[in-house]
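A quick write-up on the structure given underneath.
In the UniProt record's numbering, the protein residues as written are 1 to 487.
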């Protein structure tokens, strides 16, 4: 917990203070890494990093043991590995497993709170009707019962924050981590909020935070004390006043079920920069296909195609085009994405490529005449503010796609390449995962959520009894049936 956190309430008063409204923010602790440790018991209490395993990979999630060394999400993987040292375990993301665990957690939450507002696969807001007028002690007891149910039923921990609005609740849950509860009573909310660094305010990112820092605005209280005119001049007429009200403790936003995803996307970071169109075009096709799989799972068609390019200097270009009608046809979507391509020889080397689909609707029209697809309503946008671009390019899944590109089609005659973290099955030993391979052998740890720490066995890499397995099987939940494309 942050040592700079202000005191929550006066002794003897906070526990009995009541609030007409209690908003809850529930956030799973180190979700990706926790799921890996749940399904691979040998890794419990180990420093685990989830993300791209190549030289250009990015950390998608880090266990608390890894965070103790300074590793964190969104950090370059090579930097995180260097910080943690030789004891680190690096695993690729398994999106299908995270989705199944998330669904199970939030089914439990919905049993207690019928209306929840999902922010991502591992966090949500709720406003329990039964807590209206309750005191801090009752609220804390409610949170502890829910957390215990998640821990006992699913096997991972969650942190919970409570306040009179979403802003306070979200900040409180972050300060309650890991595996804790924090409820802020109404009489202490402003003092609590105003003592925090301004970057704790939900919506203040690195760019806007730096602007405020240059003006000497260090705390949320400093920001709240600014005049309306100053706020607009620094943060704009739309975002500025909204954040200013939150800083002043005004947060009446209701907890509502979120609409379906507005954009579905997939992106990849590459082990080396792409320097010409011949390298870029296959990367665009791969991203378009990855996003298309999610689009089909979503069940809607897309009308707008967005191409995202991150250059080697980390600046981002986005380009979009709108089709005459929504579609799920991969050929149409991929062709549209390719039309947005920019030659790396003109704009500079590319380290990340993403394709997103928006304008999602259940109404689709399928292409009958290819020539009609040439009449695209194109809109091209170049943005230099990384904060703004990242906010607009929202992925539908919980994990960034960090698959490394290949130089060509796989050689079907070669021995299988067993990457660390790959789920495998053996007729005698059951389900396991690859711990490492090299020099003609592969070492597999055979374990699942249900087994406890398992036994490691080494095989020749071409052992015919060893086969790739569905990652969902590592959960070993009898009521969850693995599917061939779960990941």
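Glycine included, C-beta positions come from ideal geometry on N, C-alpha and C.
Tell me which residues share the same chain as residue i and place their Cβ nearer than 6 angstroms to its Cβ, disregarding the 5 neighbours each side in the sequence.
{"i": "residue 18", "result": "133, 135"}
{"i": "residue 478", "result": "none"}
{"i": "residue 69", "result": "83, 84"}
Could you tell me which of the options sits nearest to residue i, measuring between CA atoms?
{"i": "residue 211", "options": "232, 171, 238, 104", "result": "232"}
{"i": "residue 202", "options": "456, 25, 144, 276", "result": "25"}
{"i": "residue 229", "options": "85, 153, 91, 244", "result": "244"}
{"i": "residue 467", "options": "429, 440, 452", "result": "429"}
{"i": "residue 298", "options": "439, 159, 328, 275", "result": "328"}
Could you compute how far the alpha carbon of residue i sits from the alpha carbon of residue j?
{"i": "residue 321", "j": "residue 236", "result": "27 angstroms"}
{"i": "residue 399", "j": "residue 95", "result": "Its pLDDT being 33, under 50, residue 399 is placed unreliably in this model, and the value from its coordinates should be taken loosely. Straight-line Cα distance between these residues: approximately 6 angstroms."}
{"i": "residue 65", "j": "residue 47", "result": "5 angstroms"}
{"i": "residue 20", "j": "residue 199", "result": "28 angstroms"}
{"i": "residue 97", "j": "residue 471", "result": "6 angstroms"}
{"i": "residue 359", "j": "residue 325", "result": "10 angstroms"}
{"i": "residue 373", "j": "residue 286", "result": "Reliability of the predicted coordinates at residue 373 is poor, the pLDDT of 37 falling under 50, and no value is obtained from them."}
{"i": "residue 197", "j": "residue 67", "result": "21 angstroms"}
{"i": "residue 125", "j": "residue 53", "result": "33 angstroms"}
{"i": "residue 427", "j": "residue 459", "result": "13 angstroms"}
{"i": "residue 206", "j": "residue 226", "result": "19 angstroms"}
{"i": "residue 250", "j": "residue 171", "result": "15 angstroms"}
{"i": "residue 35", "j": "residue 131", "result": "31 angstroms"}
{"i": "residue 41", "j": "residue 433", "result": "11 angstroms"}
{"i": "residue 454", "j": "residue 77", "result": "27 angstroms"}
{"i": "residue 182", "j": "residue 176", "result": "5 angstroms"}
{"i": "residue 45", "j": "residue 87", "result": "11 angstroms"}
{"i": "residue 289", "j": "residue 422", "result": "21 angstroms"}
{"i": "residue 342", "j": "residue 72", "result": "32 angstroms"}
{"i": "residue 104", "j": "residue 184", "result": "28 angstroms"}
Go through its chain and collect everything with a Cβ distance to residue i's Cβ below 8 angstroms, but skip five positions before and after it.
{"i": "residue 464", "result": "none"}
{"i": "residue 273", "result": "312, 344, 349, 350, 351"}
Less than 8 angstroms between the CB atoms is what I'm expecting for residue i and residue j, so what's the real figure, rounded?
{"i": "residue 50", "j": "residue 32", "result": "4 angstroms"}
{"i": "residue 168", "j": "residue 193", "result": "7 angstroms"}
{"i": "residue 141", "j": "residue 162", "result": "Not really, about 11 angstroms apart at Cβ, beyond 8 angstroms."}
{"i": "residue 234", "j": "residue 215", "result": "7 angstroms"}
{"i": "residue 264", "j": "residue 338", "result": "Between residue 338 and residue 264 the Cβ distance is about 18 angstroms, and since that is not below 8 angstroms, they are no contact."}
{"i": "residue 323", "j": "residue 303", "result": "5 angstroms"}
{"i": "residue 116", "j": "residue 110", "result": "6 angstroms"}
Beta carbon of residue i, beta carbon of residue j: below 8 angstroms?
{"i": "residue 456", "j": "residue 444", "result": "yes"}
{"i": "residue 79", "j": "residue 63", "result": "no"}
{"i": "residue 311", "j": "residue 349", "result": "yes"}
{"i": "residue 351", "j": "residue 269", "result": "yes"}
{"i": "residue 114", "j": "residue 60", "result": "no"}
{"i": "residue 489", "j": "residue 29", "result": "Here the chain comprises residues numbered 1 to 487, so residue 489 is not present and cannot be evaluated."}
{"i": "residue 357", "j": "residue 291", "result": "yes"}
{"i": "residue 258", "j": "residue 118", "result": "yes"}
{"i": "residue 128", "j": "residue 148", "result": "no"}
{"i": "residue 491", "j": "residue 164", "result": "For the chain, the structure presents residues 1 to 487; residue 491 sits outside this window and is missing."}
{"i": "residue 138", "j": "residue 157", "result": "no"}
Within a Cβ cutoff of 7 angstroms, which residues of the same chain sit near residue i, ignoring the five residues on either side of it in sequence?
{"i": "residue 39", "result": "97, 448, 449, 474, 475"}
{"i": "residue 278", "result": "none"}
{"i": "residue 469", "result": "423, 424, 425, 431"}
{"i": "residue 418", "result": "434, 437, 442, 461"}
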